[in-house]
Amino acid sequence: MKTGDDTFDDIYISKKTGKVVGVMLNGREYKLVPISKTNEPISYERAKAFYRATVIGKAPEAIAYALDILHFIYGKEDER
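Going by our numbering, the residue at position 63 of the sequence shown is 63; the numbering climbs one at a time, nothing skipped.
So, in structure tokens, the structure goes:
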């Protein structure tokens, strides 16, 4: 199915629904998974509360690493 440099090698379509369910690109297969409402991104405050709950009693390095990830995803509070 390749017609140009920016296209997939192959596209997989469901016989049942007629919708695209997967693609092949550079010899690797990728399954397309629909996103449900339960997979929506969480708010910064909820992520921060989760971070606090998961790093209680952990080493300072683990806390700093978790904060780095939180700031990378959401930005620092003063940058928002």
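Built from N, CA and C at the ideal position, the CB exists for glycine as well. A quick note: this is a predicted structure, and the numbers were derived from the prediction, not measured.
From residue i to residue j, what distance separates their C-alpha atoms?
{"i": "residue 33", "j": "residue 14", "result": "13 Å"}
{"i": "residue 23", "j": "residue 17", "result": "16 Å"}
{"i": "residue 71", "j": "residue 60", "result": "16 Å"}
{"i": "residue 44", "j": "residue 65", "result": "16 Å"}
{"i": "residue 29", "j": "residue 52", "result": "38 Å"}
{"i": "residue 74", "j": "residue 68", "result": "10 Å"}
{"i": "residue 25", "j": "residue 19", "result": "18 Å"}
{"i": "residue 84", "j": "residue 63", "result": "Because the chain in this structure spans residues 1 to 80, residue 84 falls outside the shown range and cannot be described."}
{"i": "residue 11", "j": "residue 49", "result": "41 Å"}
State the beta-bridge partners of residue i as determined by DSSP.
{"i": "residue 25", "result": "28"}
{"i": "residue 12", "result": "22"}
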